[in-house]
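Residue numbers (the working numbering): 185 to 517.
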């Protein structure tokens with residue numbers, strides 16, 4: 185964490201330090217949150233993988249894990265916030281947290297849509313043998329990371345053997361109905377570049393993924409989301425090691441697209457960390473940039489109190505607004 189802190193001045197300097205200045209240059213107002221429709225819950229940094237690009241720096245040895253009292257407080261606030269339509273559960277590998285199934289069951293009992301940010305290999309962990317059936321039974325949307333449709337590229341980024349397990353997991357999900365035509369079980373994949381570049385056009389890449397995965401492995405899925413690598417944590421370390429920090433952050437700044445600003449996810453989302461801290465997005469969470477105003481779940485009576493709040497911004501926000509834009513739901517245009 186100390187190394188990350190020392191990099192922040194370098195990062196901000198190379199990105200002209202101030203995202204708000206970019207907004208003003210395009211006659212756009214500072215970011216403020218509208219109605220809170222999505223609650224994103226990061227249950228911690230424990231993961232069965234340690235991917236090179238991971239902005240969370242998740243891994244098998246991480247001890248940051250959401251406790252039961254934080255979990256129950258989130259459920260209490262969720263029940264009081266009628267505007268929320270979607271509960272988006274992430275990590276680490278969120279399924280490894282004891283709160284995961286509790287969140288799913290409670291949110292579904294309220295009629296809310298639930299998203300599981302899944303790494304696919306978690307299905308093969310010893311205590312997760314019934315996970316896929318549980319997700320299907322409760323109509324949980326799966327958003328699964330698959331940075332490429334070839335074994336070489338996936339294993340390079342995520343570890344040896346990950347592609348083979350990912351294919352096996354996708355086939356298992358297909359057998360349960362996920363990603364199949366006329367099925368309500370949604371299976372979406374996530375692509376992020378292997379290096380210091382922006383994602384290609386989402387629509388064309390989705391077509392390439394569908395063609396290759398169908399022909400080579402008989403795999404079906406619904407949508408492909410392209411997500412820009414954020415210059416945060418492990419990816420920043422990679423940029424420094426390869427001497428690409430300045431060129432990549434300049435790329436993000438120079439690719440700023442004002443048309444994406446209206447759709448950035450922080451306008452309708454609240455992110456809660458494993459320890460109950462409140463953030464404007466998952467990226468701010470990983471940089472310890474807490475929300476303005478109330479900063480913990482014990483300071484509010486519902487998530488509605490965060491409506492109309494100003495949104496904390498920094499240089500990494502250029503990652504969400506570069507090119508076609510980037511969010512947890514893929515490109516913005």
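Backbone N, C-alpha and C define an ideal beta-carbon position, used for all residues, glycine too. Predicted, not measured: the structure shown is a model, and the values here were computed from it.
query, result
"Count the other CB atoms, across all protein chains shown, that sit within 10 Å of the CB of residue 205; report buried if there are 16 or more and exposed otherwise.", "exposed"
"Determine, using beta carbons only, whether residue 413 and residue 376 come nearer to each other than 7 angstroms.", "yes"
"Is the segment 436 to 453 in contact with the segment 386 to 394, if contact means three or more CB pairs nearer than 8 angstroms?", "no"
"Can you tell me where the alpha helix (DSSP H) with residue 292 in it begins and where it stops?", "284 to 293"
"So, does the segment 420 to 435 touch the segment 213 to 221, judging by three or more C-beta pairs under 8 angstroms?", "no"
"Which value, in whole angstroms, describes the spacing of the CA atoms of residue 507 and residue 340?", "26 angstroms"
"Residue 351 and residue 401: beta carbons closer than 7 angstroms?", "yes"
"Of all the options 416, 379 and 310, which has the alpha carbon lying nearest to the alpha carbon of residue 473?", "416"
"Is the beta carbon of residue 161 less than 7 angstroms from the beta carbon of residue 230?", "Limits of the chain in this structure are 185 at one end and 517 at the other, which puts residue 161 out of reach."
"With three or more C-beta pairs closer than 8 angstroms as the rule, is the segment 298 to 315 touching the segment 323 to 332?", "yes"
"Along the chain, where does the alpha helix (DSSP H) that runs through residue 466 open and close?", "466 to 470"
"Tell me the residue span of the beta strand (DSSP E) that contains residue 562.", "No statement about residue 562 is possible, as the shown extent of the chain runs from 185 to 517 and does not include it."
"Counting only the same chain and skipping the five closest in sequence on each side, list residues whose C-beta sits under 7 angstroms from that of residue 497.", "203, 204 and 215"
"So is residue 160 buried or exposed if we call it buried at 16+ other beta carbons inside 10 Å?", "Residue coverage of the chain in this structure runs from 185 to 517, which leaves residue 160 outside it and unanswerable."
"Can you tell me the Cβ-Cβ gap for residue 403 and residue 358, rounded? I've got them flagged as a contact below 8 angstroms.", "6 angstroms"
"Could you pull out every unbroken alpha helix (DSSP H) segment of at least 4 residues lying fully inside the segment 385 to 460, listed in chain order?", "386 to 401, 417 to 425 and 429 to 438"
"Could you check if residue 348 is buried or exposed, using at least 16 other CB atoms within 10 Å of its CB as the buried criterion?", "exposed"
"Taking the beta carbon of residue 210 as the centre, do at least 16 other beta carbons fall within 10 Å, making it buried, or is it exposed?", "exposed"
"What separation, rounded to the nearest whole angstrom, lies between the Cα atoms of residue 432 and residue 265?", "39 angstroms"
"I'd like to confirm the pairing. Which residues does DSSP put opposite residue 515 in its beta bridges?", "Bridge partners of residue 515: none, in fact."
"Does DSSP put residue 216 in a helix, a strand or coil?", "strand"
"Taking only the alpha-carbon atoms, compute the straight-line gap between residue 282 and residue 396 and give it to the nearest angstrom.", "36 angstroms"
"Nearest to residue 408 by alpha carbon, out of 313, 513 and 207?", "513"
"Going by DSSP, what residues sit across from residue 372 in a beta bridge?", "327 and 407"
"To the nearest angstrom, how far is the alpha carbon of residue 272 from that of residue 345?", "27 angstroms"
"For residue 272, which three-state DSSP category applies?", "strand"
"Please list, in chain order, all residues of the same chain as residue 486 whose beta carbon is under 7 angstroms from its beta carbon, the five residues on each side excluded.", "261, 264 and 265"
"Taking residue 332 as the reference, which of 379, 309 and 312 has the closest Cα?", "379"
"Taking 8 angstroms as the limit between beta carbons, can you name the residues of its chain near residue 355, skipping five residues before and five after?", "401, 402 and 403"
"Since residue 463 and residue 455 are thought to touch, with beta carbons under 8 angstroms apart, how far apart are those beta carbons, to the nearest angstrom?", "4 angstroms"
"Going along the chain, which residues of its own chain have a beta-carbon closer than 6 angstroms to the beta-carbon of residue 459, five neighbours each way excluded?", "none"
"Is the beta carbon of residue 484 less than 7 angstroms from the beta carbon of residue 475?", "no"
"Going along the chain, which residues of its own chain have a beta-carbon closer than 6 angstroms to the beta-carbon of residue 284, five neighbours each way excluded?", "278"
"Out of 338, 295, 247 and 471, which one is the CA nearest neighbour of residue 276?", "247"
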